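Okay, so here's the structure we're looking at.
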Amino acid sequence: MVSISAFPPRRDQPMNSFASTLRLRAACLSTTRSMRIRAIQLSAVDGIDTSISGPQVLAVGVLALHLKPEDGVFFYSTENDYATCDTSAAGDVISTHPEHGAVSIDLVPFSHSFVPSSSQGRSHWRRKPFLCLDKDKALLYDMPNLLATALHRPDIATRPLQDCVKEVFRPDLELPTLSPVNGYVYLFAGPDSYKIGMSVDPARRLIEVSRQVGADLEIIHQVPSNDALRSEVLLHRKYAHARLRGEWFNLTQDEVEEFRQMTTLNH
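For what it's worth, my numbering labels the leading residue of the sequence shown as 1, then goes sequentially.
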């Protein structure tokens, strides 16, 4: 935990009003009262004290670039491979300090168990230590009401929720990736077009896509990447002029050969 003295209150300002001042400052700068809700693994944040209530300044690295004032957070751990995710604290982001890789959070001890709704959901909780839930999932887990109850702030329950689906499938390329995935960007050839996608197992993905489209596809090339989703988005942007639909493109033979020449895509 970053010492709160790194962002100290004035000498004439009591600590219990420090959070209020930060919140007022953040509200003045904020252009919207919508919020995102994140479930953050305790092991991903050093020095957090979940036993005390009040403002804490936490060292969170690049996560500080992805949070904004009034976002909600739950801190959790698991002892059964994410069959349940057990929270020990909840909080409301007061302000962010990206230059220090830190955020100010109004934090309270809070005990609750989230049960991932499916095997795919469980995989998301396992793979993403800073999981940003989409609107439907946040409501399914009743997170706005739980956050409002934990912080004794009824207004939180009525804040508009900002959907995080875009963050999952179309990340902001201006920001560092929070949880980069090692994998591959592939080029599949179909009967009349090419598919550009990402996977940790392109051979298995080839079988899945062939079954979905009802045709035998051919794998033309696969490129290893230390941030496969970012690489996929960048390539989709590069070949946007040839996009037919979704991940399918009408590439020229020169463009196919250009793809073949790629060896690694690291960021």
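Ideal Cβ placement from N, Cα and C applies to all residues, glycine included.
Only a predicted model underlies this, so the values are computations on that prediction, with no experimental measurement involved.
I'd like to know whether the C-beta of residue i is nearer than 8 Å to at least one C-beta of chain B.
{"i": "R127", "result": "Here chain B cannot be found, since the structure has a single protein chain."}
Reducing DSSP to helix, strand and coil, say where residue i ends up.
{"i": "D86", "result": "strand"}
{"i": "T177", "result": "coil"}
{"i": "D216", "result": "coil"}
{"i": "P224", "result": "strand"}
{"i": "V57", "result": "strand"}
{"i": "N250", "result": "coil"}
{"i": "R260", "result": "helix"}
{"i": "Q41", "result": "strand"}
{"i": "T50", "result": "coil"}
{"i": "L67", "result": "coil"}
{"i": "T158", "result": "helix"}
Quick one: give me the first and last residue of the beta strand (DSSP E) that residue i is part of.
{"i": "I207", "result": "Taken as a continuous stretch (DSSP letters only), I207 belongs to no beta strand (DSSP E), being part of the alpha helix (DSSP H) at P202 to V213."}
{"i": "D106", "result": "A102 to F114"}
{"i": "A189", "result": "G183 to A189"}
{"i": "K195", "result": "Y194 to S199"}
{"i": "V73", "result": "G72 to S77"}
Which same chain residues, not among the five before or five after residue i, have their C-beta less than 6 Å away from its C-beta?
{"i": "G61", "result": "G101"}
{"i": "R127", "result": "none"}
{"i": "Q162", "result": "S34 and R36"}
{"i": "V115", "result": "T84"}
{"i": "H267", "result": "D227 and R230"}
{"i": "T96", "result": "A64, L67 and V103"}
{"i": "A242", "result": "F249, N250 and L251"}
Where do the N-terminal and C-terminal ends of the alpha helix (DSSP H) with residue i fall, by residue?
{"i": "E232", "result": "A228 to K238"}
{"i": "M143", "result": "M143 to L151"}
{"i": "L244", "result": "Premise fails: L244 lies in the beta strand (DSSP E), R243 to R245, not in any alpha helix (DSSP H)."}
{"i": "L131", "result": "Here L131 belongs to no alpha helix (DSSP H); instead the beta strand (DSSP E) covers F130 to C132."}
{"i": "G121", "result": "S119 to R127"}
{"i": "L140", "result": "K135 to L140"}
Quick one: residues in its chain with C-beta nearer than 8 Å to the C-beta of residue i, no 5 flanking neighbours on either side, listed in chain order?
{"i": "T264", "result": "V223, P224 and S225"}
{"i": "M143", "result": "I37, G72, F74 and L133"}
{"i": "S179", "result": "R127, K128, P129 and F130"}
{"i": "S88", "result": "L42, T50, F75, Y76, S77, P109, F110 and S111"}
{"i": "L217", "result": "F188, A189, G190, K195, L206, V209 and S210"}
{"i": "P202", "result": "Y184, Y186, I219 and Q222"}
{"i": "N145", "result": "A157"}
{"i": "V213", "result": "G190"}
Under 7 Å Cβ to Cβ from residue i, same chain only, skipping five residues before and after it: list those, please.
{"i": "P98", "result": "A64 and L65"}
{"i": "P154", "result": "A148"}
{"i": "P176", "result": "V62 and L65"}
Using the rule of at least 16 other Cβ atoms within 10 Å of the residue's Cβ for burial, across every protein chain shown, is residue i buried or exposed?
{"i": "S119", "result": "exposed"}
{"i": "T252", "result": "exposed"}
{"i": "R204", "result": "exposed"}
{"i": "L24", "result": "Per-residue confidence for L24 stands at a pLDDT of 48, beneath the threshold of 50, marking its modelled position as unreliable; the derived number appears in the next sentence. With fewer than 16 other Cβ atoms within 10 Å, it is exposed."}
{"i": "V200", "result": "exposed"}
{"i": "E232", "result": "buried"}
{"i": "F249", "result": "buried"}
{"i": "I40", "result": "buried"}
{"i": "K238", "result": "exposed"}
{"i": "G47", "result": "exposed"}
{"i": "L140", "result": "exposed"}
{"i": "L235", "result": "buried"}
{"i": "T32", "result": "Because the pLDDT at T32 is just 47, under 50, the model does not fix this residue reliably, and the value given afterwards should be weighed accordingly. Burial call: exposed."}
{"i": "D92", "result": "buried"}
What distance in whole Å lies between the Cβ atoms of residue j and residue i, which are believed to be in contact at a cut-off of 8 Å?
{"i": "I196", "j": "L206", "result": "No, I196 and L206 are not in contact; Cβ-Cβ is about 13 Å, not under 8 Å."}
{"i": "S113", "j": "D86", "result": "5 Å"}
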